[in-house]
Structure formats: C-alpha cells, structure tokens
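See below for the structure under consideration.
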Amino acid sequence: MHTTIIIAFGLILLALMLFIGQQLGFTPEVMTYSFIVLWLALTTINGAIGVKIAERSLREEVMTGCMVFAVPVATLVLYMTLTANT
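Residue numbers for the sequence shown follow numbering that gives the first Met the number 0, so the first one is 0 and each next one is one higher.
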C-alpha cells in the first residue's frame, strides 16, 4: 500500500510541477529535468528510510525504488512524447 501511495504522490508532483512551471513560464524541458532530479532524490530518501527504519533489506528497497521511480518518469516520457507533436 505504501508503494502505491508513493507512486500516486509522484504522479501528483509531476502534474503540479508541469502545471505550475507552465504558469510561471518555464519550458517543459526545464520542468522535465527538474522533476527527474527531484523525484530521484525523493525516491532515494524513501528507500533509505525503508532500509533504516522499516528494516527492509537493501535488495527489496532497490527493487521497489526502481518501480517507484520508473512509473512517474515513464508517465512523464509519455506526456512529453504526446505533446511534442502539438
């Protein structure tokens, strides 16, 4: 359940960053790179907390972290691909 919540948070963060970035006049490319760096940092912090506090194994956290990172980034790539033609 925690993984689903974190992925949903990533998707909401992505939508907010793209919307607010557009309102402030940033290009989608700048917001894309900003989101990827921010999401990687947050995913790493989440994994470190999982290993340290929840006492999950590093292997489990790396596998889960890859999925948590990949879903919002794949959504971002799909969005950028679909909006590139317009």
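Where is the CB? At the ideal position from N, CA and C, for every residue including glycine.
Keep in mind the model is a prediction, meaning the values are calculated, not measured.
- Going by DSSP, glutamate 59 is part of the alpha helix (DSSP H) stretching over 57 to 82.
- In this structure, the alpha-carbon of proline 27 lies about 31 Å from that of methionine 0.
- According to the DSSP assignment, glutamate 28 belongs to the alpha helix (DSSP H) that extends over 27 to 51.
- Glycine 20 carries a helical assignment under DSSP once its states are collapsed to helix, strand and coil.
- Contact between the segment 12 to 28 and the segment 50 to 69 is absent: fewer than 3 CB-CB pairs across the two stretches fall below 8 Å.
- Within the model, the alpha-carbon separation for arginine 58 versus threonine 42 is close to 15 Å.
- Leucine 81 and threonine 74 have their C-alpha atoms some 11 Å from each other.
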